[in-house]
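Here the structure is laid out as structure tokens; the discussion comes afterwards.
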Amino acid sequence: MSQSRTILIREQCGSLGSLVSYSKEKGSRYLVRLAESTTLASSFLTKIQDVFRDIFLPHGYPDSVSEDYLNYQIWDTIQAFCSTITGTFTTEAILKGVGVGDAQASPLAAAITWIIKDGTGMIGRIIFAWWKGSSLDSDCKKWRMFADITNDAAMFLELTVPYFPEASLYILCLTTTMKAVVGVAGGATRASITQHQAIKGNMADISAKDGSQETCVNLIASIFGIILLAVFEKGEYTWTIFMIFATIHILANYMAVQSLIFRHLNSARLLLLIKMYLKFDTVISPININKRESVFLGFGIRSQDLCGYKIKIGCSLRNVVESLSPEDLEQILESHSGKNYIIVPDFKRKSLYVALKTNDAALDVISAYFDAVLTGIALSKYNNQHMDLNLKRHLHQVTPLIRLSTVVKTFPKNTTGKPRNLPKECMSEFNDYINFELANFFIAMKVNGWNVQTHALQVGSWRYLSLDNTTPAQNSTKKEK
Numbered sequence: 001m002s003q004s005r006t007i008l009i010r011e012q013c014g015s016l017g018s019l020v021s022y023s024k025e026k027g028s029r030y031l032v033r034l035a036e037s038t039t040l041a042s043s044f045l046t047k048i049q050d051v052f053r054d055i056f057l058p059h060g061y062p063d064s065v066s067e068d069y070l071n072y073q074i075w076d077t078i079q080a081f082c083s084t085i086t087g088t089f090t091t092e093a094i095l096k097g098v099g100v101g102d103a104q105a106s107p108l109a110a111a112i113t114w115i116i117k118d119g120t121g122m123i124g125r126i127i128f129a130w131w132k133g134s135s136l137d138s139d140c141k142k143w144r145m146f147a148d149i150t151n152d153a154a155m156f157l158e159l160t161v162p163y164f165p166e167a168s169l170y171i172l173c174l175t176t177t178m179k180a181v182v183g184v185a186g187g188a189t190r191a192s193i194t195q196h197q198a199i200k201g202n203m204a205d206i207s208a209k210d211g212s213q214e215t216c217v218n219l220i221a222s223i224f225g226i227i228l229l230a231v232f233e234k235g236e237y238t239w240t241i242f243m244i245f246a247t248i249h250i251l252a253n254y255m256a257v258q259s260l261i262f263r264h265l266n267s268a269r270l271l272l273l274i275k276m277y278l279k280f281d282t283v284i285s286p287i288n289i290n291k292r293e294s295v296f297l298g299f300g301i302r303s304q305d306l307c308g309y310k311i312k313i314g315c316s317l318r319n320v321v322e323s324l325s326p327e328d329l330e331q332i333l334e335s336h337s338g339k340n341y342i343i344v345p346d347f348k349r350k351s352l353y354v355a356l357k358t359n360d361a362a363l364d365v366i367s368a369y370f371d372a373v374l375t376g377i378a379l380s381k382y383n384n385q386h387m388d389l390n391l392k393r394h395l396h397q398v399t400p401l402i403r404l405s406t407v408v409k410t411f412p413k414n415t416t417g418k419p420r421n422l423p424k425e426c427m428s429e430f431n432d433y434i435n436f437e438l439a440n441f442f443i444a445m446k447v448n449g450w451n452v453q454t455h456a457l458q459v460g461s462w463r464y465l466s467l468d469n470t471t472p473a474q475n476s477t478k479k480e481k
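Laid out in structure tokens, this is it:
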């Protein structure tokens with residue numbers, strides 16, 4: 001660089017953009033803009049890359065998206081390509097099944113079949129959204145995987161339509177209902193994933209660019225699918241091609257959801273964290289926990305596997321009122337004074353009901369779940385109930401689980417022969433233990449990059465009001481009495 005030139009400032013459009021300098025030259029009254037020195041070929045390639053990035057990637061990529069964005073989108077692109085290929089073959093099968101190309105087929109019958117098929121799907125969409133809508137956020141990965149497997153199963157059934165023309169209406173109604181479920185689960189989980197990827201509050205931009213990516217992939221895949229249909233016109237390799245692309249589709253979806261690194265907690269991730277903390281006195285990173293999290297419905301860690309009890313948050317106390325005396329409730333309220341929740345055990349159903357106070361925050365919900373797990377372990381030990389969690393020491397380390405066992409051993413033994421709550425006189429010591437472990441747990445989570453300001457735990461809508469938190473209507477009723 002010439003000594004007569006002084007660089008005043010440099011700028012760059014994103015972390016992938018070219019570096020540009022602004023300088024002044026001796027004797028000149030104007031700023032001089034200097035771009036990186038590039039060859040003609042590299043400059044052309046750079047412009048192509050910039051155009052591609054502007055069209056298909058969110059503004060500010062990669063700084064404006066989560067760390068797992070690229071891996072997820074690559075696998076999501078592969079699965080979308082395969083899904084479109086299989087879709088072209090199922091479309092041909094459906095059209096053959098309803099009589100397209102058959103001179104004897106009735107257009108009215110085909111139209112009625114199509115309308116009934118669509119109507120069944122609409123009903124299925126409404127029912128599924130009502131039935132499982134609240135759990136789609138908490139088990140986002142599992143429902144995403146479920147949606148894609150169900151989609152392949154529906155396409156498999158659609159391929160059989162030409163072989164069973166008399167049952168085509170029933171098959172199409174079933175598959176349309178399955179695809180309606182796929183639409184609800186897939187759309188809802190995609191929204192949850194987009195929200196996770198939008199670290200700069202750019203959810204709309206990411207969603208729009210994802211739509212552009214998918215449209216481009218579907219267009220290319222459709223052309224490729226048409227070529228395959230033309231080459232294998234007689235349909236002798238239809239099932240082989242379908243099985244190949246369906247297998248790749250499922251594998252790509254598995255890799256896609258496995259690549260996601262959620263930093264907020266759902267029940268599975270929280271239970272895995274608590275288990276590691278109790279056994280090893282450590283909290284591991286979001287990357288490692290997400291790798292351990294199951295992506296298949298019906299599999300993975302459950303609260304009863306860890307503490308022996310199902311944990312239900314935000315439920316009405318009417319579920320346990322039949323087995324709860326006024327004295328029991330008074331003891332529970334007293335032992336949870338100062339907390340924004342209470343934990344009510346139901347020994348008959350092997351459940352712990354966590355009732356939250358009004359205006360609960362994310363920290364309160366996570367704290368309540370942590371407290372419930374440790375309470376469940378303490379109850380199992382106190383009542384000599386079987387539990388899968390072992391107390392094996394690792395390198396003579398005193399773990400939170402060892403400390404909990406030590407605390408429970410100081411309690412008077414339960415000689416009644418039936419399960420009962422922890423003794424009232426021991427709750428102060430137990431709460432001190434809970435508060436100590438909870439403080440350590442939250443510190444370790446923050447150090448390891450976990451987001452505790454939000455959560456995806458499945459929580460009901462019921463909240464309890466303390467006696468000093470009654471509504472004005474309730475107060476006026478009391479005065480009238």
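For the sequence shown, the UniProt record's numbering gives the first residue as 1, with consecutive numbering after it.
All residues carry an ideal CB built from backbone N, CA and C; glycine is no exception.
Keep in mind the model is a prediction, meaning the values are calculated, not measured.
1) Residue 217 and residue 89: beta carbons closer than 8 Å?
2) Considering Cα atoms alone, identify which of 438, 349, 155 and 64 is closest to residue 241.
3) Roughly how many whole angstroms lie between the Cα atoms of residue 410 and residue 278?
4) Run through DSSP, which three-state label would residue 361 get?
5) Residue range of the alpha helix (DSSP H) that residue 419 falls in?
6) Taking C-beta to C-beta, are residue 384 and residue 346 nearer than 8 Å?
7) Once the 5 residues before and after residue 475 are set aside, which same chain residues still bring their CB inside 8 Å of it?
8) Using only alpha-carbon positions, find the residue among 268, 343 and 337 that is nearest to residue 306.
9) Jot down the residue ranges of each uninterrupted alpha helix (DSSP H) in the region 77-157, minimum 4 residues, whole runs only, in chain order.
10) Could you work out which residue in 62, 259, 48 and 369 is closest to residue 14 when comparing CA atoms only?
11) Can you pull the DSSP bridge partners for residue 346?
12) Please look up how many angstroms separate the CB atoms of residue 355 and residue 341, rounded, as I've assumed it's under 8 Å.
13) What number of angstroms, rounded off, separates the C-alpha of residue 440 from the C-alpha of residue 429?
14) Can you grab the Cα-Cα spacing for the pair residue 480 / residue 465, in whole Å?
15) Between residue 222 and residue 84, is the Cβ-Cβ spacing less than 8 Å?
16) Between residue 446 and the rest of its own chain, which residues show a CB-CB distance below 8 Å, the 5 nearest in sequence each way excluded?
17) Following the continuous alpha helix (DSSP H) through residue 385, name the residue where it begins and the one where it ends.
18) How many angstroms separate the CA atom of residue 291 from the CA atom of residue 97?
19) Skipping 5 residues on each side, what residues in its chain have a beta carbon closer than 6 Å to that of residue 31?
20) Over what stretch of residues does the beta strand (DSSP E) that includes residue 6 continue unbroken?
21) How far does the alpha helix (DSSP H) with residue 254 in it reach, from first residue to last?
22) Taking all protein chains shown into account, do 16 or more other C-beta atoms lie within 10 angstroms of the C-beta of residue 478, making it buried, or fewer, making it exposed?
23) Taking the C-alpha atoms as reference points, what is the distance between residue 246 and residue 149?
24) Could you check the C-alpha separation between residue 325 and residue 407 for me, to the nearest Å?
25) Whole angstroms is fine: what's the gap from residue 449's alpha carbon to residue 374's?
26) From 75, 329, 44 and 49, pick the residue whose C-alpha is nearest to that of residue 250; which is it?
27) Since I believe residue 271 is in contact with residue 366 (beta carbons under 8 Å), could you give me their beta-carbon distance rounded to a whole number of angstroms?
28) Taking residue 73 and residue 213 to be in contact with their CB atoms under 8 Å, please state how far apart those CB atoms are, rounded to whole angstroms.
29) Provide the residue(s) that pair with residue 25 in DSSP beta bridges, ordered along the chain.
30) Is the region 228-241 in contact with the region 165-179, if contact means three or more CB pairs nearer than 8 Å?
31) Secondary structure at residue 291, three-state DSSP: helix, strand or coil?
32) Could you name the residues of the same chain whose beta carbon sits closer than 6 Å to that of residue 151, not counting the 5 residues immediately before and after it, in chain order?
33) What does the alpha-carbon distance come out to for the pair residue 237 and residue 231?
34) Using C-beta distances below 7 Å, list every residue in its chain close to residue 137, excluding the 5 sequence neighbours before and after it, in chain order.
35) According to DSSP, what are the bridge partners of residue 191?
36) What are the boundary residues of the alpha helix (DSSP H) that residue 269 is part of?
So, from the listed chains and residues:
1) no
2) 155
3) 19 Å
4) coil
5) Element bounds for residue 419: n/a, residue is neither H nor E.
6) no
7) Unreliable placement is indicated for residue 475, whose pLDDT of 46 sits below 50; no coordinate value is reported for it.
8) 268
9) 107-132
10) 62
11) 351
12) 6 Å
13) 17 Å
14) Low per-residue confidence applies at residue 480: pLDDT is 45, beneath 50, and the placement is therefore not dependable, though the value from the model is reported in the following sentence. Roughly 21 Å separates the two Cα atoms.
15) yes
16) 452
17) From DSSP, residue 385 is part of no alpha helix (DSSP H); its letter is neither H nor E.
18) 43 Å
19) 22
20) 5-12
21) 238-259
22) Legend: pLDDT at residue 478 = 45, less than 50; position of this residue unreliable, value from coordinates given subsequently. Exposed: under 16 other Cβ atoms inside 10 Å.
23) 9 Å
24) 26 Å
25) 23 Å
26) 75
27) Not quite, the Cβ-Cβ distance comes to about 12 Å (not below 8 Å), so this is no contact.
28) 7 Å
29) 5
30) no
31) helix
32) 182
33) 10 Å
34) 192 and 456
35) For residue 191, which the question treats as bridged, DSSP gives no partner whatsoever.
36) 267-280
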